[in-house]
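The next block holds one structure in the form of structure tokens; read it before the comments.
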Amino acid sequence: MLYHGSLEENSCCCAELRLDFIQFQRYFRMDTSQFDELLVRVGPRIARQDTSFRKAIEMLIIILIFYSYLATGDSLQTISFSYRVGTATVGRIVPEVAEAIFECLVEEFMPQPTNEDWKSIAEGFQHRWNFPNCLGAIDGKHVVIQAPPNSSSYFYNYKGTFSIVLFAVVDAYYRFRVIDVGY
997 MLYHGSLEEN SCCCAELRLD FIQFQRYFRM DTSQFDELLV RVGPRIARQD TSFRKAIEML
1057 IIILIFYSYL ATGDSLQTIS FSYRVGTATV GRIVPEVAEA IFECLVEEFM PQPTNEDWKS
1117 IAEGFQHRWN FPNCLGAIDG KHVVIQAPPN SSSYFYNYKG TFSIVLFAVV DAYYRFRVID
1177 VGY
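Numbering-wise, this note's numbering puts 1159 at position 163 of the sequence shown, and it's gapless, one number per residue.
See the structure below:
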């Protein structure tokens, strides 16, 4: 029977990894300061409340589950066993935390271009490439993936493979201005 792992048990593992900077970076694919920064910024958005039926999963454990999933590529089932939570719980945590990170960081790292930005982008294409009135170069790519279980033809594309579509718009200096990743 699965039960929520205790904060002490899982944070102990995290604390041990922090002592070895290289191991921490290998496991989570980021250094401790980046981990802490994201925890502070995203934490309030993902914090859960205890109910009369059960104690909520701690914020640190939610973040650990998310980063473990991204960094290791392990299955939801493996991650759920490691953190003693249900597979369905991990399946809910991963997209919730991803959305919270996006909401917290999108304005800082991918702000919506203003009218002045669009004018500057057009001037960049005119100046650098002698291409007037251009607001961006658009391209897309099918990133081949292994089909998730029970996904049927959801990720199947016209090339006969399973993929996720990456769509991007860049300015005249190859800086991303708009991205979209989906199916």
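Even glycine gets a Cβ: it sits at the ideal position worked out from N, Cα and C. Computed from a prediction, not measured in an experiment: that's the story for all the values here.
Under 7 angstroms, do Ile-1057 and Arg-1044 count as touching if we go by C-beta distance? The sequence position of residue 1057 within the sequence shown is 61, counting from 1. The sequence position of residue 1044 within the sequence shown is 48, counting from 1. Contact: no.
Quick one: residues in its chain with C-beta nearer than 8 angstroms to the C-beta of Ala-1094, no 5 flanking neighbours on either side, listed in chain order? Within the sequence shown, residue 1094 is the residue found at index 98, counting from 1. So the list reads Phe-1062, once near-sequence residues are dropped.
For the pair the stretch 1133-1151 and the stretch 1087-1102, tell me if three or more CB-CB distances fall below 8 angstroms. Result no; under three Cβ-Cβ pairs closer than 8 angstroms.
Would Ala-1210 and Ile-1042 be called neighbours here (beta carbons separated by less than 7 angstroms)? Here the chain comprises residues numbered 997 to 1179, so residue 1210 is not present and cannot be evaluated.
Buried or exposed: which applies to Gly-1178, given that a residue is buried once 16 or more other Cβ atoms fall within 10 Å of its Cβ? Here residue 1178 corresponds to residue number 182 of the sequence shown, with the count starting at 1. By the 10 Å Cβ count, Gly-1178 comes out exposed.
Distance, Val-1166 Cα to Glu-1092 Cα: To locate residue 1092, count along the sequence shown from 1; it is residue 96. To locate residue 1166, count along the sequence shown from 1; it is residue 170. When rounded, the distance between both Cα atoms is 28 angstroms.
Would you list the one or two residues that DSSP bridges to Ile-1117? Position 121 of the sequence shown, counted from the start, is the residue given in the question as residue 1117. Answer by DSSP bridge pairing: none, since Ile-1117 is not bridged.
Can you list, in chain order, the residues of its chain whose CB lies under 8 angstroms from that of Leu-1013, leaving out five sequence neighbours each side? Against the sequence shown, residue 1013 aligns to sequence position 17. Residues of the same chain with a CB within less than 8 angstroms of the CB of Leu-1013, apart from the 5 flanking positions on each side, are Gln-1019, Phe-1020, Tyr-1023 and Phe-1024 in chain order.
Would you give the residue range spanned by the alpha helix (DSSP H) that Asp-1032 belongs to? By one-based count along the sequence shown, residue 1032 stands at place 36. Start and end: 1028-1042.
Nearest-angstrom Cα distance between Gln-1073 and Ile-1141? On the sequence shown, residue 1073 is found 77 positions in, with the first residue counted as 1. On the sequence shown, residue 1141 is found 145 positions in, with the first residue counted as 1. Within the model, the alpha-carbon separation for Gln-1073 versus Ile-1141 is close to 19 angstroms.
For Ile-1160, collect the residues of the same chain with a Cβ closer than 8 angstroms to its Cβ; drop the 5 residues on either side in sequence, then sort them by chain order. As a position in the sequence shown, residue 1160 is number 164, starting the count at 1. Excluding positions up to five away in sequence, the list reads His-1138, Val-1139, Ile-1141, Phe-1151, Val-1177, Gly-1178 and Tyr-1179.
Since Ile-1117 and Ala-1168 should fall inside the 8 angstroms C-beta cutoff, what is the C-beta to C-beta distance between them, to a whole number of angstroms? Here residue 1117 refers to the residue found at position 121 of the sequence shown. Here residue 1168 refers to the residue found at position 172 of the sequence shown. Correct: roughly 7 angstroms between the Cβ atoms.
Endpoints, the beta strand (DSSP E) within which Gly-1136 is located: Locating residue 1136 in the sequence shown gives position 140, counting from the first residue. Per DSSP, Gly-1136 belongs to the beta strand (DSSP E) from 1133-1140.
In angstroms, rounded to a whole number, what distance separates the CA positions of Pro-1040 and Ser-1078? In the sequence shown, residue 1040 corresponds to position 44, counting from 1. In the sequence shown, residue 1078 corresponds to position 82, counting from 1. Straight-line Cα distance between these residues: approximately 24 angstroms.
Any C-beta of chain D sitting closer than 7 angstroms to the C-beta of Tyr-1065? The question asks about chain D, but that chain is absent: this structure has only one protein chain.
Give the straight-line distance between the Cα atoms of Asn-1126 and Lys-1155, rounded to the nearest whole angstrom. Residue numbering aside, residue 1126 sits at position 130 when the sequence shown is read from its first letter. Residue numbering aside, residue 1155 sits at position 159 when the sequence shown is read from its first letter. For Asn-1126 and Lys-1155, the distance between alpha carbons rounds to 35 angstroms.
Please classify Tyr-1170 as buried or exposed, where buried requires at least 16 other C-beta atoms within 10 Å of its C-beta. In the sequence shown, counting from the first residue as 1, residue 1170 sits at position 174. Per the 10 Å Cβ criterion, exposed.
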